[in-house]
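Inspection log for the structure reproduced underneath, given as structure tokens.
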Amino acid sequence: MKPNSPFFIKLLIIQCLSVLSVSQDFDFFYFVQQWPGSYCDTEQSCCYPTTGKPASVFGIHGLWPNYNDGSYPSNCDPDSPFDQSQISDLISSLQKSWPTLACPSGNGSKFWSHEWDKHGTCSESVLDQHGYFEATLDLKKKANLLHALQSAGIQPDGESYSLNSIKAAIKDAIGFTPYIECNVGQSGNSQLYQIYLCVDTSGSNIIECPVLPRGRCGSSIEFPSF
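Numbered per mature numbering (1 follows the signal peptide of the UniProt record, and there is no 0), the sequence shown spans residues -23 to -1, 1 to 203.
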């Protein structure tokens, strides 16, 4: 077959597209929830959504496809932009469980659009747009982080708690080891910011994490009020 023949060129294009589609597969999800008190207690501060101050519970940040080597795909399908009409039945649940705290105040649609475009489009082989947001909401019901911590005597009261006790409380309640991400509060203290759990490629089942993000907290971290 001649390298410049139409058939050879067509075959090459098919092979390239095949490689691209394989590169968009993934090994697991990070399911990430954030504590609003820590998000707001920074120099950048926060803005409550137009729907009002969120509840004092962990809010969803996102459901992020990842690879076992620690890397991750992103913005996989620009031809599948966020379409709020596809999730109209989920809006009230999203405003409650997946609120935006970014400034200026918004109703959440910009936040959800970013999460879908960057992360959700990389999971379209298993979850369409409605399925992606519905699966994430269902995971939050399975992983009630505040209840897990409070059951172990760990309260959002501005006090500091050991990192090990926070991890143990979540593992005891949910059955799997979390990854804890900290940020720095206005007073300069390390504080509980985000909690990562890992989920299988169906988006349904929490699993042990194949790999953890980089970064670490101190041995004692603050749990600010909200």
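Think of the CB as a built atom: it goes at the ideal place given N, C-alpha and C, for glycine as much as any other residue. Everything numeric in this text was worked out from a predicted model, so none of it was measured.
Please report the straight-line C-alpha distance between residue i and residue j, rounded to a whole angstrom.
{"i": "Phe110", "j": "Asn166", "result": "33 Å"}
{"i": "Ser179", "j": "Asp18", "result": "35 Å"}
{"i": "Asp94", "j": "Gly162", "result": "30 Å"}
{"i": "Phe35", "j": "Ala125", "result": "11 Å"}
{"i": "Gln106", "j": "Gly83", "result": "21 Å"}
{"i": "Thr77", "j": "Tyr25", "result": "7 Å"}
{"i": "Gln132", "j": "Phe203", "result": "11 Å"}
{"i": "Ile37", "j": "His96", "result": "14 Å"}
If you follow the beta strand (DSSP E) that residue i is part of, which residue opens it and which one closes it?
{"i": "Trp41", "result": "Gly36 to Asn43"}
{"i": "Ser82", "result": "Careful: Ser82 lies outside any beta strand (DSSP E) and carries neither H nor E."}
{"i": "Ile198", "result": "Ser197 to Glu199"}
Determine, using beta carbons only, whether residue i and residue j come nearer to each other than 8 Å.
{"i": "Val176", "j": "Asn45", "result": "no"}
{"i": "Ala129", "j": "Ala112", "result": "no"}
{"i": "Cys99", "j": "Pro190", "result": "no"}
{"i": "Leu114", "j": "Ser70", "result": "yes"}
{"i": "Cys186", "j": "Tyr170", "result": "no"}
I'd like to confirm the pairing. Which residues does DSSP put opposite residue i in its beta bridges?
{"i": "Asn121", "result": "Paired residues: none, contrary to the question."}
{"i": "Glu158", "result": "Gln171"}
{"i": "Val9", "result": "Gly39 and Tyr173"}
{"i": "Ile183", "result": "Val176"}
{"i": "Ser22", "result": "Answer by DSSP bridge pairing: none, since Ser22 is not bridged."}
{"i": "Ser137", "result": "Glu199"}
In terms of residue numbering, what span does the alpha helix (DSSP H) encompassing residue i cover?
{"i": "Gln72", "result": "Ile68 to Ser74"}
{"i": "Tyr16", "result": "Pro13 to Cys17"}
{"i": "Ser142", "result": "Leu140 to Ile151"}
Cβ-heavy atom distance between residue i and the ligand SAH below 7 Å?
{"i": "Gly152", "result": "As presented, the structure is devoid of all ligands, the ligand SAH included, so that no description of it is given."}
Is the region 12 to 19 in contact with the region 44 to 54, if contact means three or more CB pairs nearer than 8 Å? no
Does the pairing of the region 140 to 156 with the region 190 to 198 give three or more beta-carbon distances under 8 Å? yes
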